[in-house]
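Take the sequence shown: its position 605, counting from 1, is numbered 604 in numbering that gives the first Met the number 0, and each next residue is one higher. Heads up, the beta-carbon is just placed ideally off N, CA and C, and yes, glycines get one too.
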Amino acid sequence: MLTWLLIFIVTIGSAAYFRLPQIIWSGALGLVLFLFTFSGIANLPSLVIIWALFLLVVVPINLPHIRQKYISEPLLDFMRNAMPNISQTEQEALDAGKTWWEADLFSGKPDYSKIRDLPPSKLSDDEKAFLDGPVEELCAMLDDWKITQEDYDLPKPVWDFLKQHKFFAMIIPKSYGGLEFSALGHSSVVMKVTGRSITAAVTIMVPNSLGPGELLMHYGTEQQKDYYLPRLSSGEEIPCFGLTGPENGSDAGAMSDSGIVCRDSFNGEDNVLGIRLNWEKRYITLGPVATVLGLAFKLYDPEHILGDKEDIGITLALIKTDTQGIDIGNRHFASNHMFMNGPNRGKDVFIPLDWVIGGEDYIGKGWTMLMNCLSDGRAISLPALSTGAGKNMARYTGAYARIRKQFKTPIGYFEGVEEALAEIAGNSYIMNATRELTLAGLDSGESPSVISGIVKYQMTERMRNVVNHAMDIHGGHGICLGPKNFLGRAYQGIPISITVEGANILTRSMIVFGQGALRSHPFLLKEVEAVKHPDREVSINLFDDALFGHVGFIISNFFRSLWLGLSGARFISAPGKGKVNYYYKQLTRMSSAFALLSDACVLILGGSLKRKEKLSGRLADALSNMYLITALLKHYEDQGNQAEDLPLLQWACEDSLFKTQEAMKSVLRNFPVPVVGNILNMVIFPLTKPYGGANDKLGHKVARLLLTPSPTRDRLTKGIYLTDDPDDAMGRLEHALNKALEAEDAERKLRDAIRIGLIKAKDFDSAIRDAIGQSIINQDEADKITAAHTATLNAISVDEFSHTGWKPQ
Ligand SMILES: Cc1cc2nc3c(=O)[nH]c(=O)nc-3n(C[C@H](O)[C@H](O)[C@H](O)COP(=O)(O)OP(=O)(O)OC[C@H]3O[C@@H](n4cnc5c(N)ncnc54)[C@H](O)[C@@H]3O)c2cc1C
């Protein structure tokens, strides 16, 4: 009997695992039952009950008109009453952008060929020339201390340079005088500049992100494009975009800024059709110097001049900042960074209707326009800034940890510091890989809104992690601000990137899974759309297809999760070799588990999942970490499976698998129906927890990669501004590291001689003289030791200021 039960379960399990069509698994089950009937094990009454049960399940499932009548239709009616309303704003956010790889992760069975066959983005010759030319020159011009502490602004020559070389026009097509860079080109510029000055990087980022330029390219009328785009390209116009106000922050659509359709005189012309605007905006980047303001406001037409609708909705217009009634120019003091940022207000400002972006056709469509444009910028600018920060921290904090000695030992050799260094190296590797995959997606035409939320959140949080660890390692050297300090301003800048373009708590706990589940799940959106369909017959057909597909999907993920959990995903096929193959298999396992868990949450919580932000946030963590693993594997393979980089890949994958596991475990522990949580836990993690995170041995290997120059270190930090200028805040560290390494052998001789008592001199100069005198080292070696010593003293020094005036001494 037990054997038959097993055969029965294996048949259902295999059919579900391989996602066979229902007719095939019904047939296979029927065959097993047929053989069982003639095995003589069961008596007649038992057989009648078993067959009755079998037919009760199989007949309706395989006969659509029966299942529609008795299952789908009643359920559809129930759903129509139970489904929460989706507001227009939510609907527009859901409709924006496209789904991409996250849909595969939601499928429980990702198709890796999609990612592996995706060509990595490559810089064009123009982009390379720009990075090696104007960007390099700009980096050398930037003196961040002067900008942030003395001038409170970028110097005029820098502003002129930015305009002259079209830094503000990277996304504008060449036909309008712009640079027309790829997402990779654009990201590479921001990444490189970040290390020199966040003020400069943000100033460059903003016109190339969500704002007038992008909105015009997507929605502008020909007249608007012809007028504004060349002027934006040449820097004649400086743009800003005003969405946020005192009462609308994260809930951006809740603005009280309004426009009333009316007629008035304008520029000497009477009876011009236009809008009278009143607004109050704050935190607007480039606002204080902008010549053209992209403004979001709610449009009303109380006199029905345009049509029947009174409340027209969010609308976007381009407004010359010298228009009468505008108050612009004051500044906010944003975390000690001196990019232009400030409030602006408009009182009874009249603008002609053709200042609406896209003209009359686009009035009331502002929210959709914003949502559609948000994801691309969000996937480029802040991830570039975060990766730039990570790479700089990895390179220069590694150098510092190698040259800074305490207890006669480079601090990087202490296990405690090693842990922090491993986090810096591993997270920088993750950021770089994630940046590259996302850019490859964007450059191949994807516009992934959920993934843009994932990368915005993950990258800025990892930047926070990396910069915090770097601060700890630098100690007082990071705390004491001044021209020699490259870290303090990065530290102060973290909250800015965490807050803008979707504040992180909101993005994690509300957006990523909330939007992802509905957008990327193979059946959920189809079910919702079916429920909303006005034609009942079509609605039933669509709903029936989606519902039964969904049921099969859940059963499949149940058996897949159980089998992959029991077998450790050993027997599935996955691409790559060695460790790469292992991680692809584990990713498939986690994806199946995630698909099952998401469905369980959605089924049990329904619309209220929206308010269960703790669960939604953890599901977002699981989804995000799976995206990072995908990026890591692609990055490693695209870089030619470099054996020396393997510890970085392993550290990053182990860390991400662990975080995926812990996020799911946390959902299971807090599952709204505990018994279901326990059952799912047994299915998903049948043999304890599979992942323990990166171990100490890996951490050691990864941390050591930062302490010595190597091709791996160069690959990890590729694309930042490199300098070994001893007078530069960062360059002095690289310079000292090089000198320390050149002197390493000679220093060892000197150290050994001191240890065994051959040299008794107490101070540095006498010890060197003594060592030369006793022929322990020669003059050349003495010079190397002295040069390393001088370079190290310079590199570890901090700024001093007089009591008055705060001028460096
Ligand atoms: C330096 C800087 C530059 C900026 N540049 C511009 C610009 O150029 N143009 C522009 O229009 N705006 C700009 N902003 C505004 C920025 O987009 C907002 O600051 C951001 O939307 C957050 O709004 P808030 O600061 O009012 O915070 P709030 O919305 O008050 O949020 C406070 C906290 O509550 C959390 N929170 C809010 N709602 C939820 C929720 N439902 N679930 C969970 N958590 C939630 C948030 O995550 C955040 O942690 C800028 C801001 C800064 C600081």
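Three-way DSSP call (helix, strand, coil) for residue i in this model
i, result
"Arg403", "coil"
"Glu309", "coil"
"Ile423", "helix"
"Ser774", "coil"
"Asp644", "helix"
"Gly293", "strand"
"Glu741", "helix"
"Val189", "helix"
"Gly177", "coil"
"Thr314", "strand"
"Ile283", "strand"
"Pro172", "coil"
"Arg750", "helix"
"Phe17", "coil"
"Leu272", "strand"
"Leu757", "coil"
Proximal residues to residue i (C-beta, below 7 angstroms), its chain only, five neighbours per side dropped
i, result
"Lys611", "Leu604"
"His549", "Phe522 and Glu526"
"Asp103", "Pro109, Asp110 and Lys113"
"Ser385", "Met430, Met458, Thr459, Arg461, Met462 and Ser496"
"Ala516", "Leu523, Ser597 and Val601"
"Ser519", "Thr98, Glu101, Ala102, Phe105 and Val449"
"Lys700", "Pro646"
"Ser71", "Ile539, Phe542, Asp543 and Leu546"
Contacting residues, own chain, Cβ-Cβ under 6 angstroms from residue i (five flanking each side not counted)
i, result
"His468", "Ala419, Glu422 and Ile423"
"Asn556", "Gly107, Ser591, Ala594 and Leu595"
"Arg401", "Pro409, Gly411, Leu706 and Leu736"
"Gly341", "Gly286, Pro287, Asn329, Arg330 and His331"
"Gly452", "Thr506, Ile510 and Val511"
"Thr437", "Ala378 and Val454"
"Met254", "Gly244 and Asn247"
"Pro489", "The sequence shown places Ala at residue 489, not Pro. Closer than 6 angstroms at the Cβ level, and outside the excluded window around Ala489, lie Ala388 and Val466."
Same chain, Cβ closer than 8 angstroms to residue i, five either side skipped, listed in chain order
i, result
"Pro63", "Asp543"
"Pro494", "Ser334"
"Tyr361", "Tyr218, Thr314, Leu315, Val355 and Met368"
"Ile22", "Asn61"
Cβ pair residue i, residue j closer than 7 angstroms
i, j, result
"His476", "Val797", "yes"
"Asp769", "Ala760", "yes"
"Ala568", "Lys578", "no"
"Ile350", "Ile274", "yes"
"Gly194", "Gly492", "no"
"Leu298", "Ile311", "yes"
"Ala651", "Ala621", "no"
"Ala599", "Glu653", "no"
"Phe167", "Pro206", "yes"
"Ala432", "His634", "yes"
"Ala742", "Lys783", "yes"
"Arg403", "Ile795", "yes"
"Gly241", "Leu292", "yes"
"Leu228", "Tyr175", "yes"
"Ala398", "Glu733", "yes"
"Met625", "Thr659", "yes"
"Ser655", "Ile628", "yes"
"Arg79", "Val530", "yes"
"Ile767", "Lys748", "no"
"Gly676", "Ser187", "no"
"Gly258", "Leu276", "yes"
Beta carbon proximity, residue i to chain B, threshold 7 angstroms
i, result
"Asp307", "The structure shown contains no chain B, having only a single protein chain."
- prompt: Hey, which unbroken runs of the alpha helix (DSSP H) at 4 residues or more fall wholly within the stretch 34-116?
  reply: 43-61, 63-66, 72-81, 87-94, 100-106 and 112-115
- request: Could you tell me which uninterrupted alpha helix (DSSP H) segments, each at least 4 residues in length, are contained entirely in the stretch 426-510, listed from first to last along the chain?
  value: 448-473, 475-478 and 487-498
- prompt: Which residue spans inside the stretch 197-261 form an unbroken beta strand (DSSP E) run of at least 3?
  reply: Counting only runs of 3 or more, we get 238-241.
- request: Any chance you could list the alpha helix (DSSP H) runs of at least 4 consecutive residues sitting entirely within the stretch 678-729, in chain order?
  value: 695-703 and 710-715
Uninterrupted alpha helix (DSSP H) stretches inside the stretch 545-608 (no shorter than 4 residues): Runs of alpha helix (DSSP H) with 4 or more residues, each lying fully within the stretch 545-608, are found at 577-604, listed in chain order.
Whole beta strand (DSSP E) elements within the stretch 128-153, 3-residue minimum: Taking 3 residues as the shortest admissible run, the stretch 128-153 contains no complete beta strand (DSSP E) segment at all.
task: Pick out the complete alpha helix (DSSP H) segments inside the stretch 358-400, 4 residues or longer, and give them in chain order.
output: none
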